[in-house]
Structure formats: structure tokens, C-alpha cells
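Going left to right, the sequence shown walks through residues 2 to 307 as the working numbering numbers them.
Working notes, structure below.
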Amino acid sequence: VGSLALGLAGSALPVYLAIFLLGLASATTNGTGMTYYSNVGGPGFRGTAMAVFSASLLGGQAIGPAVGGLIATVGDWRLAMYVAAGVASVLMVGMTLGTRANRSKTVTSTVDPPVPGSGGEIPWWVTALVHSVPFVVFMTLGSVPQTLVPIVGSDQLGLSAAGIGLGLGAGGLARFIGTIIGGRLSDLVSRKAVLVPGLLGQAIGVGILAFPLTLVSWVAAIVLMSLASYAVSVAATVVGDLADPSRVGTHLGRFRFWGDIGLVVGPITISAIYERAGSSAAFLVVAGLLTAVGLACLKLLPETGR
């Protein structure tokens with residue numbers, strides 16, 4: 002509906018309303034998808050399922066703009082919106098039919114919450130700690146690779162737009178690979194044993210940018226921080242482990258909300274630090290926050306995997 006409304010929009014107000022609807026639908030779809038994949042495979046496969054879901058999102062984010070741009074080039078941007086509406090409609094019908102076919106199957110939890118709390122309630126301090134993971138990781142992604150990395154690549158290394166794009170593309174591939182590997186390891190080893198190195202590895206990647214850069218170190222920093230960004234999907238897996246099955250959606254919605262807050266706050270605050278105190282200070286602040294959350298998880302987060 003949002004894509005169709007945007008394609009039909011003839012003035013600014015309908016465009017804004019359509020974009021708002023698209024954002025609302027995207028957030029809702031993301032939350033319900035996370036909820037489904039958190040429960041569909043049981044606790045022994047939850048990390049892998051969440052990783053596949055996250056990797057699918059990354060794939061769509063990579064392919065979507067390219068396909069949309071191609072359609073807009075052949076036709077126009079309105080045609081791209083109509084095609085998007087058609088694809089969404091086909092998926093909606095397919096998922097509806099699939100749901101009816103599997104209505105007799107019931108997904109249930111097979112584990113009890115391993116931390117204090119009755120009825121699957123997660124203690125507030127565990128909730129706050131888990132929510133800090135998407136906040137700091139999305140803050141990092143929004144402020145570093147999506148904002149400051151291109152600036153540093155241009156100013157300090159003299160890279161062209163094409164060179165910067167290649168570096169960021171390598172980071173996107175690393176993020177895809179890291180998500181799959183991190184999710185699988187969280188099932189085979191344990192959640193905490195994978196989550197903590199992810200946060201600390203991302204801190205190291207960001208920290209590299211605080212020192213004098215070469216092309217090799219710039220690319221290495223991008224790849225390392227992207228490879229280790231799987232911490233979000235592992236933390237979401239922890240939420241699925243701890244929450245009552247009937248409230249997984251509520252908890253994951255809040256989890257995603259704090260990630261979105263980090264995505265908004267990060268570029269604003271870290272860019273301000275960059276302008277006032279320089280690149281080293283900005284990158285060290287981000288690395289410090291990642292390290293603090295990683296160490297807090299190491300010390301305080303209950304183990305929910307093997």
C-alpha cells in the first residue's frame with residue numbers, strides 16, 4: 002500500500018504520508034519476522050534461524066536499490082514503486098496461503114528462562130543490558146561506516162567515490178558472512194561466547210580508525226567492524242531464549258526500537274564529536290562504548306546457549 006501510494010502521489014503531503022506508511026510497515030514486518038524466526042526452530046536452532054533472517058535483510062538491502070534503480074532507468078521511479086507494490090502483494094498472498102496450510106502446527110518453547118523471574122519475565126537489568134547491544138551496534142553502523150568512514154577515506158587517503166564504494170562493499174559482504182557464521186556458532190557453542198567477541202571485535206575495528214591510516218588499515222577496519230556486527234542477531238537470539246513464547250514479539254519490538262534509536266543518535270552525536278574534537282576522539286568514543294557493553298555482557302549477561 003505504501004509503495005502504491007508513493008507511486009500515485011502527486012504532491013508533497015501524500016509523499017510524506019506514503020513514506021511514513023512504508024517506514025511503519027518495514028518496522029512491523031521486521032519485528033514480526035524476528036518473532037517468527039525466534040520460535041520456528043526451537044532453542045537449538047534459534048541462533049541460526051535469526052542469522053538467516055538477518056542475512057536475508059542484508060541481501061534485500063543490497064539488491065533492492067540496484068533493481069529499483071534499473072527499473073527506474075528503464076521506465077521511471079513511479080514504475081519502480083508499482084513493481085515494489087506488486088512484489089509485496091505476491092509475498093503477502095504466498096505467506097497467507099502458507100499460514101493457512103500450516104495452521105495446525107503450533108510452535109512452543111522447549112526451555113525455561115535460565116534467569117530469575119516468573120512467567121518468563123526478564124529482569125530489568127538483563128533487559129537493559131540486552132537492549133544496549135542493538136543501541137551501540139546500530140549507533141556504530143550509523144555513525145562510522147555510513148557517515149565518517151567515507152569522510153576519512155576522502156580526506157586522509159584521497160580516495161575517490163568509486164574507491165570508497167568498493168571499501169564499503171567489502172564491508173557489506175563481511176557483514177553478511179559474519180551474520181551467518183555468528184548465528185551458527187551461537188547455537189553450536191554458546192550465545193555469550195559469540196556475542197562478547199563480536200562486540201569487542203567491532204570495537205577493535207573502530208579503534209583502528211583512530212590512528213594514522215593507510216589504505217590497508219582503512220579497509221581492514223571496515224571489514225572487521227562489519228564482520229563483527231553479528232552481535233545484534235545473537236543478542237536477539239538471547240531475547241528469544243529468555244522471553245516467554247507468548248511475549249517474544251513484544252520483547253523483540255522493544256529490542257529493535259533501541260537499535261533504531263542508536264541509528265538516529267549515533268550519526269548526530271559522533272559527528273558532533275568529530276567536528277569539535279577530531280576523528281580520533283570520535284572513533285575512540287565509539288570503540289569505548291562497544292568495549293563497555295561487551296565487558297558488561299561478559300560479566301553480567303546470563304548464559305542461555307550450550
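Idealized CB from N, CA, C, for every residue including glycine.
Values in this document were obtained by computation on a predicted structure and should not be read as measured data.
Tell me whether S191 sits in a helix, a strand or coil according to DSSP, three-state version. coil
Consult DSSP for D245 and reduce its assignment to one of helix, strand or coil. coil
So the candidates are A221, L228, A175; which of them puts its Cα closest to the Cα of L200? Comparing alpha carbon positions, the residue from A221, L228, A175 closest to L200 is L228.
Look at L301 and L130 and say whether their C-beta atoms are less than 8 Å apart. yes
On the CB-based measure, 16 or more other CB atoms within 10 Å of its CB, does G172 come out buried or exposed? Flag for G172 reads buried.
Taking the alpha-carbon of R176 as reference, which of L58, I269, I165 has the nearest alpha-carbon? Cα-wise, what sits closest to R176 is L58.
In this structure, how does DSSP classify Q203 when only helix, strand and coil are distinguished? helix
Residues of its chain near M82, where Cβ-Cβ distance is below 6 Å and the 5 sequence neighbours each way are ignored: S4, L7, G8
In three-state DSSP terms, what is A282? Three-state result, A282: helix.
Nearest neighbour of L142, chosen from V265, A293, S27, R47 [CA to CA]: V265
With a threshold of 8 Å on Cβ separation, who are the neighbours of N31 within its own chain once the five nearest residues in sequence on each side are excluded? L58, R257
Where P124 sits in the DSSP three-state scheme: coil
With G154 as the anchor, note down where its alpha helix (DSSP H) starts and where it stops. 150-156
Given V190 as reference, the closest of E304, V53, G11, A13 once Cα atoms are compared: E304
Hey, how far is the Cα of R277 from the Cα of V287? Approximately 15 Å, taken between the alpha carbons.
With a CB to CB cut of under 7 Å and the five nearest residues on each side skipped, what residues in its chain are close to L158? L214, L216, W219
Residue environment, L25, which counts as buried when at least 16 other CB atoms sit within 10 Å: exposed
Mark Y17 as exposed unless 16 or more other C-beta atoms lie within 10 angstroms of its C-beta, in which case mark it buried. exposed
Touching or not, the stretch 178-185 and the stretch 43-59, by the rule of three or more beta carbon pairs under 8 Å? Judged by Cβ distances under 8 Å, the stretch 178-185 makes contact with the stretch 43-59, as three or more pairs qualify.
Give me the Cα-Cα distance between G263 and F139, rounded to the nearest whole angstrom. 5 Å
Please name the residue, chosen from G254, S230, L167, that lies closest to S27 on a Cα-to-Cα basis. G254
Inter-residue CB distance, F284 and L210 (contact presumed, cutoff 8 Å): Rounded, the Cβ-Cβ distance is 4 Å, consistent with contact.
Considering only residues of the same chain and omitting the five flanking positions on each side of S272, which have a CB-CB separation below 8 Å? S144, T148, L149, A283
Going by C-alpha to C-alpha distance, which of V134, T180, P246 sits closest to D261? The shortest Cα separation from D261 among V134, T180, P246 belongs to V134.
Start and end of the alpha helix (DSSP H) containing G34? Its alpha helix (DSSP H) spans residues 13-41.
Where does the unbroken alpha helix (DSSP H) through V224 begin, and where does it stop? Per DSSP, V224 belongs to the alpha helix (DSSP H) from 216-228.
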